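Working notes, structure below.
Residue numbers (the UniProt record's numbering): 1 to 333.
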């Protein structure tokens, strides 16, 4: 991971300063603990003993959405009375710079950033938006996959995107156990580990201030009728996660990684898409662990009929072989 040595201007990569947060406590246990940092408090306790600062102020959510080249990915700026919190950092350099400009226009400090899952469209922009002395939070599983995959993803996609693909990346250094919360600017942000689903390590973030509660769900559900990324090959566990989340997230506004805000209807729609995709792969492939090019064309036709005029149709054949291999390995053929 490239370390930067020069001061940054707006929209340029920003040098990290030593953080007063640690990922290990003095006894060597892997958990976060509160540091002496103004306006920031971490509570790793769960259950009846868990206490957080009294929250009275509400927050405002600003959405930055990329265009088609940036696969319509959303980044969220949560504005509180005292500062701003970022959820996911976009894919391309130009979008990250635009996101940084959007942040600067709020004239409030960035208090922290969260990454919902380890796909580049959610972490690529971190060096362009988040100063190095501002903490980036994620589950240990999310951080591990980013660390293991970021260079390979760059080698895979930089020939396609050129200078729009960042030549540096940042791994979240503040690892949060599932169910633990961080208080930033008077709002509490609780991270919930979901496990493999759309990606190799998914999570959602519950933001709370007083009676205001919303969930940022990453790519656990794609909103707005776009095709889904199936290439990590966890469609079975993704379905299981959706069944769990329809209860956990009932009644909450859900802010997805792609598409407009919705409710748990997003989860139901995502489940329908996964069932359709898996059934089409099973039928077309007849149990094979790979599909031919002709079979992938047939799969694309089926999903196009299911979601007419939906963008990101190129994702459909991209996920065909991973899902076919998943189904063959599980015996679900």
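Heads up, the beta-carbon is just placed ideally off N, CA and C, and yes, glycines get one too. Model, not experiment: these values are computed from the prediction.
Looking at the strands, I want to know which residues DSSP matches up with residue 74. DSSP, once it has assigned bridges, lists 65 as partnering residue 74.
In whole angstroms, give me the CA-to-CA distance for residue 150 and residue 171. Going by the C-alpha atoms only, they are around 9 Å apart.
If distances are taken between C-alpha atoms only, which option among 173, 164, 83 and 160 comes closest to residue 147? Ranked by how close their Cα comes to the Cα of residue 147, the residues 173, 164, 83 and 160 have 173 in first place.
Buried or exposed for residue 107, please, with buried defined as at least 16 other CB atoms from any protein chain shown within 10 angstroms of its CB. With fewer than 16 Cβ atoms within 10 Å of its Cβ, residue 107 is classed as exposed.
Sort 325, 133, 66 and 152 by Cα distance to residue 121 and report the nearest one. The candidate whose alpha carbon is nearest that of residue 121 is 66.
Let me check one thing: in DSSP terms, what residues is residue 188 bridge-paired to? Here residue 188 is bridged, per DSSP, to 183 and 208.
Going along the chain, which unbroken runs of the alpha helix (DSSP H) with 4 or more residues stay wholly within the segment 98 to 140? You should have 120 to 123 and 126 to 129.
Are the CB atoms of residue 218 and residue 116 within a distance shorter than 9 Å? Against a cut-off of 9 Å, the Cβ pair of residue 218 and residue 116 comes out as a contact.
For residue 43, the three-state DSSP class (helix, strand or coil): Model confidence at residue 43 stands at a pLDDT of 38, short of 50, so the residue's coordinates are unreliable; what they give is reported in the following sentence. Here DSSP, grouped into helix, strand and coil, assigns residue 43 to strand.
Here's a check: name, in chain order, each residue in its chain whose Cβ is nearer than 6 Å to the Cβ of residue 267, leaving out the five neighbours to either side. Sequence-distant partners of residue 267 (beyond 5 residues in either direction) whose C-beta falls short of 6 Å from its own C-beta, in its chain, are 221, 242, 245 and 246.
Going residue by residue through the segment 224 to 291, where are the continuous beta strand (DSSP E) segments of at least 3 residues, counting only ones entirely within it? If only complete runs of 3 or more residues are kept, the segment 224 to 291 shows the beta strand (DSSP E) at 254 to 256, in order along the chain.
Would you grab the beta carbon distance between residue 62 and residue 97 for me? Rounded to a whole angstrom, and I think it's under 8 Å. Taking a contact as a CB-CB distance under 8 Å, the pair residue 62 and residue 97 does not count as one, their CB atoms being some 16 Å apart.
By alpha-carbon positions, which one of 227, 169 and 209 ends up nearest to residue 312? Taking the Cα of residue 312 as reference, the smallest distance to any Cα among 227, 169 and 209 is reached at 227.
Out of 184, 182 and 238, which one is the CA nearest neighbour of residue 199? Ranking 184, 182 and 238 by Cα distance to residue 199 puts 238 first.
List the DSSP bridge partners of residue 170. DSSP, once it has assigned bridges, lists no residue as partnering residue 170.
Within its chain, find whatever has a CB closer than 6 Å to the CB of residue 140; leave out the 5 residues flanking it on each side and keep chain order. Hits under 6 Å: 175.
Alpha carbon to alpha carbon, what distance is there between residue 94 and residue 351? Outside the shown range of the chain (1 to 333) lies residue 351, about which nothing can therefore be said.
Compare the C-alpha of residue 318 against each of 295, 306 and 214 and name the closest. With respect to the C-alpha of residue 318, the residue from 295, 306 and 214 having the closest C-alpha is 295.
CB-CB under 6 Å to residue 276, same chain, minus the five flanking residues each way: which ones, in chain order? Once the five neighbours on either side are set aside, the close Cβ partners of residue 276 are 306.
Express the C-alpha separation of residue 130 and residue 194 in angstroms, rounding to a whole number. Between residue 194 and residue 130, the alpha-carbon positions lie close to 25 Å from each other.
Would you call residue 156 buried or exposed, if buried means 16 or more other Cβ atoms sit within 10 Å of its Cβ? Residue 156 is exposed by the Cβ-count criterion.
Which of helix, strand or coil DSSP assigns to residue 162: In this structure, residue 162 counts as helix in the three-state DSSP scheme.
Anyone know if the C-beta pair for residue 191 and residue 137 falls short of 9 Å? Yes, they are a contact pair.
Cβ separation of residue 289 and residue 325, assumed to be a contact under 8 Å, to the nearest whole Å: With a contact defined as Cβ atoms closer than 8 Å, residue 289 and residue 325 qualify at about 5 Å.
For residue 118, which residues in the same chain have their Cβ closer than 7 Å to its Cβ, ignoring the five residues on either side in sequence? Only residues of its own chain outside the window of five on either side were considered, and among them 142, 145, 146, 149, 199, 200 and 201 have a CB closer than 7 Å to the CB of residue 118, listed in chain order.
Just to confirm, is the Cβ distance from residue 76 to residue 92 under 9 Å? Contact flag unset, no.
If you measure between the beta carbons of residue 185 and residue 322, is that distance less than 9 Å? It is not a contact, given that the beta carbons lie outside the stated cut-off.
Which residues bound the alpha helix (DSSP H) around residue 318? Unbroken alpha helix (DSSP H) run through residue 318: 315 to 318.
Residue 309 burial status per 10 Å Cβ neighbour count (16 or more: buried): In the assembly as shown, residue 309 is an exposed residue. Its beta-carbon has fewer than 16 other beta-carbons within 10 Å.
If you follow the alpha helix (DSSP H) that residue 91 is part of, which residue opens it and which one closes it? DSSP places residue 91 in no alpha helix (DSSP H); its state is neither H nor E.
Give me the Cα-Cα distance between residue 316 and residue 159, rounded to the nearest whole angstrom. Residue 316 and residue 159 have their C-alpha atoms some 21 Å from each other.
Could you have a look at residue 306 and say whether DSSP puts it in helix, strand or coil? In the structure shown, residue 306 sits in a helix (DSSP, three-state: H, G or I).
Please go through the same chain and pick out, in chain order, the residues whose beta-carbon is closer than 7 Å to the beta-carbon of residue 164, but skip the five residues on each side of it. Short of 7 Å from the beta carbon of residue 164, and not among the five residues preceding or following it, lie these beta carbons of its own chain, in chain order: 92, 93 and 94.
Suppose you measure from the CA of residue 167 to the CA of residue 88; what does that come to, to the nearest Å? C-alpha separation (whole angstroms): 18 Å.
Three-state secondary structure (DSSP) of residue 146: Here residue 146 sits in helix by DSSP.
Straight-line Cα distance separating residue 254 from residue 177: If you draw a straight line from the Cα of residue 177 to the Cα of residue 254, it comes to about 22 Å.
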